[in-house]
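**Student:**
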Amino acid sequence: MANRSITVAAIQTSYGHDMEANIAKTEAFVREAARMGADVVLPSELFQGIYFCTRQEPKWFETAWPTKEHPCVLAMQKLAGELGIVIPISFFEKDGPRYYNSVAIADADGKILGVYRKSHIPDGPGYQEKYYFRPGDTGFKMWKTKRGDLGVGICWDQWYPETARAMALQGAEVLFYPTAIGSEPYDTSLDTHLQWQRAMQGHAVSNAIPIVAANRIGTEDNDGATQKFYGHSFIADHRGELVKSFGATEEGVLVHTFDLSLIESYRAEWGFFRDRRTDLYAESII
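In this text, residue positions in the sequence shown follow the working numbering: the first is -19, and each later residue adds one.
(1) Distance, Cα to Cα, LEU272 vs THR258?
(2) Please report the distance separating the alpha-carbon of ALA18 from that of THR237.
(3) Do you know how far the Cα of ALA88 is from the Cα of ILE3?
(4) With a cut-off of 8 angstroms, do at least 3 Cβ pairs link the region 184 to 194 to the region 234 to 254?
(5) Apart from the five residues just before and just after PHE115, which ones in its own chain have a Cβ nearer than 7 angstroms to its Cβ?
(6) When you compare the region 38 to 46 with the region -11 to -4, are there three or more beta-carbon pairs, one atom per stretch, that lie closer than 8 angstroms?
(7) Check for me: the beta strand (DSSP E) holding SER225 runs from which residue to which?
(8) Counting only the same chain and skipping the five closest in sequence on each side, list residues whose C-beta sits under 7 angstroms from that of ASP103.
(9) In whole angstroms, give me the CA-to-CA distance for LYS124 and PRO68.
(10) Taking only three categories from DSSP, how would you classify PHE9?
(11) Compare the beta carbon distance of ALA160 and ARG35 with 8 angstroms and say whether it is the shorter of the two.
(12) Between THR47 and VAL83, which are expected to be in contact by the criterion C-beta below 8 angstroms, what is the C-beta distance as a whole number of angstroms?
(13) Let me check understanding here. Comparing Cα to Cα, which of LEU149, PHE156, GLN150 lies closest to ASP137?
(14) What would DSSP say about ILE3, mapped onto helix, strand or coil?
(15) Nearest to GLY198 by alpha carbon, out of GLU221, ILE85, GLY227, GLY90?
(16) For TYR140, which residues in the same chain have their Cβ closer than 7 angstroms to its Cβ, ignoring the five residues on either side in sequence?
(17) In terms of alpha-carbon separation, which member of GLN181, GLY64, GLY211 lies closest to GLU221?
(18) How about SER186 and PHE113: do their beta carbons lie closer than 8 angstroms?
(19) Taking the DSSP output, what are the residues bridged to LYS58?
(20) Rounded C-beta distance between VAL154 and GLY119? I'm assuming under 8 angstroms.
(21) Have a look at ILE92 and PRO51 and give me their C-alpha separation to the nearest angstrom.
(22) When you compare each of ILE85, LEU54, ALA60, LYS126 to GLU12 by their alpha carbons, which one comes out closest?
(23) Taking 8 angstroms as the threshold (C-beta atoms), are ASN195 and SER24 in contact?
(24) Would you give the residue range spanned by the beta strand (DSSP E) that GLN181 belongs to?
(25) Does DSSP classify MET16 as helix, strand or coil?
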């Protein structure tokens, strides 16, 4: 078996109301990661602006575009082709009268391979996404890119083991999760970043697959609704160990290289996929 490797990166930074400024900031970090050898660079969820789902306000629907017209997709698509890297691009998608929280996959030649639409849509204080987004209709996907076979979920998807398992079963070699998560309005002292990390570390362990998670930082004001995002972006290896991570305030990129051939052998050795009992699962699932 020929040795194969992949170098992945996650961006952690703050974002404001100015989309052009946010795109420029993201581009600078993508270029930094590429200079460090990254094959795949992950910006955080909805980096086009502030995380607007902290309150229900119709004006935000005006910030959605079709995939082929969205400023973030166009900018990152061009950048991916220039740098020869893959960029999962999180964006607010408009598809006729339908709106989705989506990711477009820009391959290393600048082509958009397709779109994944967020499957699990939360609805609670500070995270009122059901007002804005329909549940995704794409199903979970594995993307065969020029830099590797990748799976991408979006934020709330990261809490569901079914998401990670579905992408791994399709052949994904690394899983990516762009995220926007932080404080809870009903309890400003609550910090869930350890649960957030552990949930994904569990996916890494049970699927023997690396995980890359990119979250934003900073306090944002959405017409009086404030939210502090707790960062803690990380890269975990196939055993769930955090090999690279940020805290709550650092700004920059995390970069790490994985030996995919070694991980493939490890996954076969542990037998998680060999020993599945799909004949029993249907009886247990409601």
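All C-beta atoms, glycine included, are put in the ideal place defined by N, C-alpha and C.
**Tutor:** This is what the structure holds:
(1) With the chain represented from -19 up to 266, any question about residue 272 goes unanswered, as that position is not in the structure.
(2) 8 angstroms
(3) 19 angstroms
(4) yes
(5) Inspection of the sequence shows that residue 115 is occupied by Pro rather than by Phe. Hits under 7 angstroms: SER99, ILE101.
(6) no
(7) 222 to 225
(8) GLU109, LYS110
(9) 13 angstroms
(10) helix
(11) no
(12) In fact, because the Cβ distance is near 10 angstroms, the residues do not count as touching under 8 angstroms.
(13) PHE156
(14) helix
(15) GLY227
(16) HIS100
(17) GLN181
(18) no
(19) DSSP, once it has assigned bridges, lists no residue as partnering LYS58.
(20) Not confirmed; about 19 angstroms, so no contact.
(21) 14 angstroms
(22) ALA60
(23) yes
(24) Note, GLN181: premise wrong, no beta strand (DSSP E); alpha helix (DSSP H) at 173 to 187.
(25) coil
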